[in-house]
């Protein structure tokens, strides 16, 4: 079984290719301004960008006959002069197999503060 743990201090979008959401084990409630799920997408936005939300936990199920399995994450901030942080962990059969965090750029007058990363999911 593959589980995804996630939290943010910004506005985070997770999109899944070759994977769909299964059981919602724990939904982030503390400091969550909005939390939206679709079969292949999660959007989580922190109320206070200076604090993290609760950790969420959702089961990921492989799509039959899907060639590639990918998690794509976008992180940003809606607060001027501030940044967002995304953190995820993947657990397979009770063992953490992947853990990463990264930050957006600082929201300001020029440029795009959003940061984007993709992660292949192997051996599911």
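Residue numbers (our numbering): 263 to 386.
All residues carry an ideal CB built from backbone N, CA and C; glycine is no exception.
(message) Quick check on residue 290: buried or exposed, where buried means 16 or more other Cβ atoms within 10 Å of its Cβ?
(response) For the purposes of this step, residue 290 is taken as the residue at position 28 of the chain shown. Buried, by the Cβ-count rule.
(message) In chain order, what are the residue ranges of uninterrupted alpha helix (DSSP H) at least 4 long that sit wholly in the stretch 290-372?
(response) Within the stretch 290-372, no complete alpha helix (DSSP H) run reaches 4 residues.
(request) Select from 371, 357, 330 the residue whose C-alpha is nearest the C-alpha of residue 380. (result) What you label residue 380 is simply residue 118 of the chain shown in a count that begins at 1. Nearest C-alpha to residue 380: 330.
(request) Using alpha carbons as the reference points, say which of 282, 357, 283, 270 lies closest to residue 294. (result) Position 32 of the chain shown holds residue 294. Of all alpha-carbon atoms in 282, 357, 283, 270, the one lying nearest the alpha-carbon of residue 294 is that of 270.
(request) Specify the secondary structure class of residue 280 as computed by DSSP and reduced to three states. (result) Against the chain shown, residue 280 aligns to sequence position 18. Coil, per DSSP.
(message) Give me the residue from 368, 281, 274, 267 with the minimum Cα distance to residue 298.
(response) Here residue 298 refers to the residue found at position 36 when the chain shown is read from its first residue. Of the candidates 368, 281, 274, 267, the one whose C-alpha sits nearest the C-alpha of residue 298 is 274.
(request) Inspect the beta-carbon positions of residue 366 and residue 337 and report whether they are closer than 8 Å. (result) Working through the chain shown from its first residue, we reach residue 366 at position 104. Working through the chain shown from its first residue, we reach residue 337 at position 75. The beta carbons of residue 366 and residue 337 sit closer together than 8 Å.
(request) May I have the straight-line CA-CA distance separating residue 264 from residue 300, to the nearest angstrom? (result) The residue given as residue 264 occupies position 2 in the chain shown. The residue given as residue 300 occupies position 38 in the chain shown. Each residue's Cα considered, the two are about 18 Å apart.
(request) Determine the DSSP secondary structure at residue 263, reduced to helix, strand or coil. (result) Here residue 263 refers to the residue found at position 1 when the chain shown is read from its first residue. The answer is coil: DSSP assigns residue 263 none of H, G, I, E or B.
(message) Can you give me the C-alpha to C-alpha distance between residue 272 and residue 305, rounded to a whole angstrom?
(response) Here residue 272 is taken as the residue at index 10 of the chain shown, counted from 1. Here residue 305 is taken as the residue at index 43 of the chain shown, counted from 1. Taken atom to atom, the span from the alpha-carbon of residue 272 to that of residue 305 is near 11 Å.
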